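Below you'll find the structure, written out as structure tokens, and then a few comments.
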Amino acid sequence: MKVGVCYYPEHWPREQWEQDAQHMQELGLSTIRIGEFAWSRLEPVANQYQFDWLEEAINVLHAAGLKVVLGTPTATPPAWLCKQIPDMFSIDENGNTRGFGSRRHYCFSSLSYREHCKRIVTALAKRFGQHPAISAWQTDNEYGCHSTTISYSEAATKAFQLWCQQRYKTIYALNAAWGNVFWSMEYNSFDDIGPPILAVTELNPAHRFAYWRFSSDQIVSFNKLQTDILRAYSPGRDIVHNFMGNFVEFDHFAVSEELDVATWDNYPLGFLTRDGVDEAEQQRYLRTGHPDSSSFHHDLYRNCTAGRLWLMEQQPGPVNWAPYNPAPVDGMVRLWGWEAFAHGAELVSYFRWRQAPFAQEQMHSGLCLPNGDEDDAAREVRQLCAEAGQLVNSINEAPSASVAIVFDYAGDNAQRIQQPGGQHYDPLSYTQKIYSALRQLGLGVDVISPNSPQLASYKALFLPNATVSDDALVNRLSEFKGPVMLFTRTGSKTVECSIPENLAPGAFQKLINVRVNRVESLPPHTRLLTDKKTTLIDWRERIQTSLKPHEICADGWGFHYQQASVHYINACLPKHDLLNLLEKTLQAADIDCLNLGPDLRIQRRGNTCFAFNFGPATIELTKPQLEHFGFNAEIGFLLGESTLPTAGICIWQCGEHSSPTC
Amino acid sequence: MKVGVCYYPEHWPREQWEQDAQHMQELGLSTIRIGEFAWSRLEPVANQYQFDWLEEAINVLHAAGLKVVLGTPTATPPAWLCKQIPDMFSIDENGNTRGFGSRRHYCFSSLSYREHCKRIVTALAKRFGQHPAISAWQTDNEYGCHSTTISYSEAATKAFQLWCQQRYKTIYALNAAWGNVFWSMEYNSFDDIGPPILAVTELNPAHRFAYWRFSSDQIVSFNKLQTDILRAYSPGRDIVHNFMGNFVEFDHFAVSEELDVATWDNYPLGFLTRDGVDEAEQQRYLRTGHPDSSSFHHDLYRNCTAGRLWLMEQQPGPVNWAPYNPAPVDGMVRLWGWEAFAHGAELVSYFRWRQAPFAQEQMHSGLCLPNGDEDDAAREVRQLCAEAGQLVNSINEAPSASVAIVFDYAGDNAQRIQQPGGQHYDPLSYTQKIYSALRQLGLGVDVISPNSPQLASYKALFLPNATVSDDALVNRLSEFKGPVMLFTRTGSKTVECSIPENLAPGAFQKLINVRVNRVESLPPHTRLLTDKKTTLIDWRERIQTSLKPHEICADGWGFHYQQASVHYINACLPKHDLLNLLEKTLQAADIDCLNLGPDLRIQRRGNTCFAFNFGPATIELTKPQLEHFGFNAEIGFLLGESTLPTAGICIWQCGEHSSPTC
Amino acid sequence: MKVGVCYYPEHWPREQWEQDAQHMQELGLSTIRIGEFAWSRLEPVANQYQFDWLEEAINVLHAAGLKVVLGTPTATPPAWLCKQIPDMFSIDENGNTRGFGSRRHYCFSSLSYREHCKRIVTALAKRFGQHPAISAWQTDNEYGCHSTTISYSEAATKAFQLWCQQRYKTIYALNAAWGNVFWSMEYNSFDDIGPPILAVTELNPAHRFAYWRFSSDQIVSFNKLQTDILRAYSPGRDIVHNFMGNFVEFDHFAVSEELDVATWDNYPLGFLTRDGVDEAEQQRYLRTGHPDSSSFHHDLYRNCTAGRLWLMEQQPGPVNWAPYNPAPVDGMVRLWGWEAFAHGAELVSYFRWRQAPFAQEQMHSGLCLPNGDEDDAAREVRQLCAEAGQLVNSINEAPSASVAIVFDYAGDNAQRIQQPGGQHYDPLSYTQKIYSALRQLGLGVDVISPNSPQLASYKALFLPNATVSDDALVNRLSEFKGPVMLFTRTGSKTVECSIPENLAPGAFQKLINVRVNRVESLPPHTRLLTDKKTTLIDWRERIQTSLKPHEICADGWGFHYQQASVHYINACLPKHDLLNLLEKTLQAADIDCLNLGPDLRIQRRGNTCFAFNFGPATIELTKPQLEHFGFNAEIGFLLGESTLPTAGICIWQCGEHSSPTC
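Chains as they are written, first to last, in the working numbering: chain A, 1401 to 2062; chain B, 1401 to 2062; chain C, 1401 to 2062.
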């Protein structure tokens, strides 16, 4: 449970560095990320490296007892390089070049840019790879940020043609796989394949899905290019990348295969309008962030690298980039840190040390104000460091998760590419709604890859975006004992984004005898009621089956099918109805739930329980709640107490007679 | 009253064709449209035709007793051709090329593309023109779909310059006609004229109106290029094109001059958000479509080719392309078929035989599911075929229409080009509102061209978009005896989109002594009340006249002027007030109306009456209603009964003592 | 108090000119603006001037006793010139060329275009500079209209690089000034600097702010290029330019330095949706325009040229370019004229003489209809001319202004460039809200430049957009005696758009001991209440200070700080609360206010008072109101009476015992 911060020595006068390092150390920080945007200072002119200042900065931090995470600067190639290899830019969906002037101005497929990345990363790794202060490397910065995953450049087009050739072998196979006979879209040669843009109307979803897979693969290989070098020259250091929130544009599980730790950048207030929650919730959580936004990502990214998790950037106060940027409520900056620890983070690194007075992020707060004075966050982080230091030895176990959401990036994207009519339905938001319901029911949750070897270890599985019909997954699920909940669109596409021969849910029909023979998407004003008063919205599927549905609509369409422990939930539900459905299903399977209400969240790491209040009113933890989570009055609280004001935290250790959940 | 389907043999294994043909025949289908997107299979490589498979497919259908409508494949030029003549692409309003990857990726003005169209159409016409199964040809597919009417390519620019030269003879005449002295927009040569895009602000409306006429003319000549060939090599077959719904981007009357039958593609649920109806109506008709959406188009396209009408594509279930795609209510697929017959359709062809499991339309339903099972539509179509077969000999007469809407494509577009301020007013929607009111009043309606020779045959005429001052039309109207209703903006533009010398309504002042000396457009929140409580919205005109208005506003502006049987309605009205105004006016002219309410619609073909229920509740036809439409209890119903559930239909034949209307 | 009109002789047959001139004279008009869009008639072919027709037109007007304002035609370069120097076009933010086809199709930075402007202006000035009818010249027309201030052309890029070189001397200084170390945005050469477009994400605000200053400077020099020529060849004539409403894209004070009179174009109904007022006000003032929209601009532009003001274009009826274009209420066209006179206008020139029947503005009304008949405006203007003629000798003094708003164009733009999160906050609208409150409180207002030498002459100063920390201004304010009200974001940026070293409000901390240590932007649904029930919205700042705030929020943030007579208003307020705050503050400083309510406005020129009713109901001026403005019953009214219907006007002269305000 370490605390760190992001720091930019190149932004500040040399004479201030020691003082900054001293101040960081005094706050209780241990780990400092630096260097990830400094290319123009590391190589101001082609091939003229200037690494001395960086070494000096590292030494200053080292001297103050601090460890350093060093970033490769490939997210911000300098102007001279862009001029030298203009083919490195990416092209947007309108055919415009995305030029110099901000950051991430490169195409993952540019071979010339990859060469320069190799060169600078190799030079840095050779120089600093063995430095005793360097504890880890960060590759690049926030892959995909600002919609940079997909580029339509000539380099990308060529790379895509090659990717297609490797995947399909012959152009006939590709035509067949994509169904190009439709609208005479057949190619005679791989060279004829263009990027999926600027067509007269909708492009073939198979084309777009292949381009998505390709683009995701390009990030995997771009990242591996760097990690290979870093592993070679800097053995024993963790290699990490900082992912983002609410972001599914590439397969994070695949990128993580070459990482030691999946880290991420958490801005709960900035994310609020992106979390897919309604306006009432946006008002309620204006200054706290949504109760299940941070933890969803903790529980996802922790499972990207086998249980290891860092927060590389954590919001310290108002940010500059959301539609509106309110200040967090007092105590929230500390709470976000503890919440991350509760979900297994080894490190929480705040962004940034000192607010920059210039350039794009000058209105992004930091631990300190631009003039060096401490901002509110510094006070809260000091408290966090002190508390974490005291409790670090009491909290050793991994986060407990009795149930898992199986999350498939390809499946999420398949839904985005081909979701006729469900115009206000967002697959990630729906996944988060399921996660939120499970958390409100007091459950610990893992968000895992379809390939996770741990599948069998959970009491229940939820598959919100297993859109792609997947025999291997189905086979593994067929051995699972507890409830398996499949949601709309499960198995509705092949790997080529077409409809399976046996219709949806494709291979999943092996698990449950249902076949979708009609789907409909519904406008926002349409709310259908089943005979048991469940409200269905957005999307509904009609099932052909011998099974009896749990509920029936007035027009005869069934809802909620079950075969043994496998459930098929063939419509979307609003939050409240979804929670009821999950609660009922879990209780029927003897999985213990306790509805904690909208604002209280409890997370367990082995015997240690953490409670957080995200709501506007003070919460008094009730006896049944405490009992459910194994509170022992004789042991009492490790931190805080049963009264939780807004942003309040308490921690306790379970007694012997803990409930089944704890 | 034939029923057909659209079929794509090239999408399915050869071995399935016979079975499909058999199944079609068994359902009762008679006419199969094929071939319209198959260019890449008909000519996979330049000049290497492969027509054998198509002949085989035609023969298989023929063998099952089915007739074939063969489409020319020019809406989907293959990739190799696009590579060969890249100047064939159209250019959008941002200057971007609209490339390969979907369909309709060509510019009507490309001379090189026209040559290739001639070539492939000639080859097909020669090979299949005399085949006994071929009953008709369809040219291309849905001209203008995906905003393809207007292109700003170099080919289009050159063609436009030539078009201008032919129309205006000298550049001085063009400058004068367009008023180019304004803002120094004068040209010195036809070569200087560019397409009307990418200017600093609004372009000259005369320029845009000329470009609209030109673009419409290009479709006329592109279509004629194909029909000339087809007539030469395939005598005796009908030549048709499939138009779209809610689509006015070119002059359909002009294109139809070379067609035997104007056919159209009807997707009532998909159109619902485009029909210009409010959200309450969108909710009410979510699963039925708007009661007057299909019939408006039937009554329009039937008048494009002198009474002949086909439905080339009819919605069979949920579609894939609307903002939301609900399932139709049970019985609606059959109702749409009967409704088309009631409005004079010779053929109703459903789209498509079997849902394609791949590519863009994989989520568009068909008569059969992708796995070959019958979808709901198949059951309803089987019933429709059976019923139509029984009644075909009883229903011989043409649809009855006592009144007509005079519809001018140029007038509609003139309003779009120059409608200062009326930001939420849509001329087509307003026309449809008038149509809808007439239908609710129990009237049969023709929607006719301003040039229609039948003008004199109606009891009343409605001119919602006679925007262009037209002496010839005025002269013909001056001989008309019944009520002529002119609406806002009538005669407000010359053919060059300027203001007539005698102000609006220009030449129409010959019919009624009114002159517009001020117009105003009103924001949505503004609702003006006349002294007789009529609500005026959106747009109002102030009239200089010696006539006394029927109603007066508080600020002294009059409303509703009448001279003999000619009415000038100088403001827009909401639906309810519009219906009242029309009812009052028609009754004053002794034209018999009966308000059927929002959901019930009755259509007559000679002595046969058809009643349809589009509403959510069951309707019991009342005695006055049945009497009004000449129901004779002794004869009874040909089909159904007086109780109409949602999607219910009944048909009866008028007795001797029928009302004036029937 | 002259009245004029805009006239386009080139639009009308030669034989009509005398009749037009006669008619103008008969109405009482004295000054006619002509020529500003006539380049294609003045030079139809390169270098072949045709000035005779213009001279004839001037002579015709002259013969009727009319004076002429002659416009240079540089806003509408003809087609042949655009073809000759295609580099003259500007480039938009998407990289597209903004071509020929409307107006303003040129880039201010094009050197070749500047040469042609010099040439045509010189030719015109030489020919007409000494003509006795010519009383003034107008340069170009509406600089910046249609977003033409900023261009991203190659010419602009080159000019910007040069501008940067002159401003920063070395590229190192520029990098430091802009903070380009951030994200490695450092340049190695001035040649590397691009225009601020098409980057991957937000560009450096310093880059954008510099580009804004540069673009504003380009207009200054473009204008000076013309005024230098005109002064040389046409001595004794006023040189003017016509500015626009609600338009802050360049520094109007700077452009005005070379003008004799700042004139502007006033379209109160067209501006209504741009005035930043809510929908209720948009409904209330649908046909009158907002009560404080015209006068804000009068009070601003009058202070651009030391008290001289003309209305070059005044709305005469419905216009064609707003989202909705209602007709003004009867009397409003006259009222707008009198309102302009009350605020010091020497000339009110209506736009246009006769409605053009062709081209883009054919639906813009004029004094006459296209057929020559008088439109409503002619009647009202005739009355205005008669009244003004009678009173011209009684109204001699300058508009009285007891308070001033200090308006900084750079400050307004700095807020636009870097205003994280305040998505629905508009700095100009907020300035206008402050102006509106002051006017409702019965005060005369000047809107002045931060450099105004008159600063000391007011009783109170309001600085809504002194965003840029400005030592010189602070020094001058420090000597000011009355209330100085500073609003949010004051002094929050340096001249390079970074955060001042001592944080906001930067240099203004010398006036009041406050330091902003946190800011937050709030979504529209968030309304915070202070302990005294003031509502705070949109934006709030937290102040570090030893001062006690006037009010406190529940979370402890203070609101409204005061040190001696300097106030810092650290949050935004809705209109009603803002008015209360200003009233309280002014009264505390013994500045006499009288709340006139929403609709009544009173303006003073020395001893003469003008009252206007913009509301829907008749207003009876009360005794206290009349007394407050020094009404003397014995003298009575110069015009009108105390009962003011909608659009009503009355004028009186103050007696001896006038209130302190009058």
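By construction, the Cβ of each residue, glycine as well, lies at the ideal position given by its N, Cα and C atoms. These numbers were taken from a predicted model, which means no experiment stands behind them.
With respect to the beta strand (DSSP E) encompassing residue i, which residues constitute its N-terminal and C-terminal limits?
i	result
Arg1414 (chain C)	Looking at the DSSP string, Arg1414 (chain C) is not in any beta strand (DSSP E), and its letter there is neither H nor E.
Phe1643 (chain B)	1638 to 1643
Trp1349 (chain C)	With chain C covering only 1401 through 2062, there is no way to say anything about residue 1349 (chain C).
Glu2073 (chain B)	Because chain B spans 1401 through 2062 in this model, residue 2073 (chain B) falls outside it and cannot be assessed.
Ala1954 (chain B)	Segment: none, Ala1954 (chain B) is in no beta strand (DSSP E) and carries neither H nor E.
Ser1921 (chain A)	1915 to 1921
Who are the near neighbours of residue i in its chain, counting only those whose CB is closer than 7 Å to its CB and skipping five residues on each side?
i	result
Arg1637 (chain B)	Ile1534, Ser1535, Ala1536, Trp1537
Asp1870 (chain A)	Pro1850, Ala1907
Asp1931 (chain A)	Glu1951, Ile1952
Trp1417 (chain B)	Pro1409, Ala1457, Val1460
Where do the ends of the alpha helix (DSSP H) carrying residue i lie?
i	result
Tyr1568 (chain A)	1554 to 1568
Met1732 (chain C)	1732 to 1742
What is the rounded straight-line gap between the Cα of residue i and the Cα of residue j?
i	j	result
Leu1784 (chain A)	Ala1599 (chain A)	54 Å
Glu1901 (chain C)	Lys1910 (chain C)	14 Å
Leu1922 (chain C)	Leu1936 (chain C)	10 Å
Thr1476 (chain B)	Ser1615 (chain B)	20 Å
So which of the options has the shortest CA-CA distance to residue i?
i	options	result
Gln1963 (chain A)	A:Arg1684, A:Asp1990, A:Lys1948, A:Cys2009	A:Lys1948
Pro1924 (chain B)	B:Lys1933, B:Gln1823, B:Glu1941	B:Gln1823
Asp1651 (chain A)	A:Ser1946, A:Leu2026, A:Asp1812, A:Asn1995	A:Asp1812
Leu1700 (chain C)	C:Ala1573, C:Gln1832, C:Tyr1724	C:Gln1832
Who are the near neighbours of residue i in its chain, counting only those whose CB is closer than 6 Å to its CB and skipping five residues on each side?
i	result
Tyr1408 (chain C)	none
Pro1770 (chain A)	Gln1755, Pro1757
Gly2040 (chain C)	Ile2049, Cys2050
Arg1674 (chain B)	Asn1646
For residue i, which residues of its own chain have a beta-carbon under 8 Å away from its beta-carbon, when the five flanking residues on both sides are left out?
i	result
Gly1495 (chain B)	Tyr1552, Ile1597, Leu1598
Inspect the CB distances between the segment 1687 to 1694 of chain C and the segment 1660 to 1676 of chain C and report whether three or more fall short of 8 Å. Put simply, the segment 1687 to 1694 of chain C touches the segment 1660 to 1676 of chain C. At least three CB pairs are less than 8 Å apart.
Are the segment 1990 to 1997 of chain A and the segment 1711 to 1726 of chain A touching, with three or more C-beta to C-beta distances below 8 Å? With the rule of 3 Cβ pairs closer than 8 Å, the segment 1990 to 1997 of chain A does not count as touching the segment 1711 to 1726 of chain A.
Within the chosen definition, does the segment 1745 to 1762 of chain A reach the segment 1796 to 1803 of chain A through at least 3 CB pairs nearer than 8 Å? Touching, no.
Check whether the segment 1447 to 1463 of chain B and the segment 1415 to 1430 of chain B are in contact - that is, three or more C-beta pairs closer than 8 Å. With the cut-off at 8 Å, the segment 1447 to 1463 of chain B and the segment 1415 to 1430 of chain B touch.
Using a Cβ distance threshold of 8 Å, determine whether the segment 1761 to 1778 of chain A contacts the segment 1911 to 1918 of chain C, with at least three qualifying pairs required. At 8 Å Cβ cutoff, the stretches touch.
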